[in-house]
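J.: Residues in the sequence shown are numbered from 35 upward in steps of one, following this note's numbering.
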Amino acid sequence: MGVPKLKGYINKDENLWFIAHISTTENFEDDFGRSGELGKLIKDPEKSVSEIENEEKKKIQE
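#1: If we ignore side chains and look at the alpha-carbon of each, how far apart do E48 and G73 end up?
#2: E71 by DSSP, collapsed to three states: which one?
#3: Is the distance from the Cβ of L50 to the Cβ of E80 below 8 Å?
#4: Mapping DSSP to helix, strand and coil, what is E49?
#5: Using a threshold of 8 Å, state whether the C-beta atoms of K39 and H55 are closer than that.
In structure tokens, the structure reads:
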């Protein structure tokens, strides 16, 4: 069985393309490719699932 892959574009604009490969074994983290135009629209900072989980754990410990 392969890795699930999703590819497409946003709002019928082919300049806003993306390709996402999703790991089913490691916290659903893997690869997300996108066009430069779509990259300009994504909020900074981009975070992985692990980064978000670590931040939440730190908040709880404080």
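Quick reminder that beta carbons are idealized off the backbone N, C-alpha and C, glycines included.
Note that this is a predicted model, so its numbers are computed, not measured.
T.: Inspection of the coordinates gives the following:
#1: 14 Å
#2: helix
#3: no
#4: Correcting the residue identity first, residue 49 is Asn in this sequence and not Glu. The answer is strand: DSSP assigns N49 an E or B state.
#5: yes
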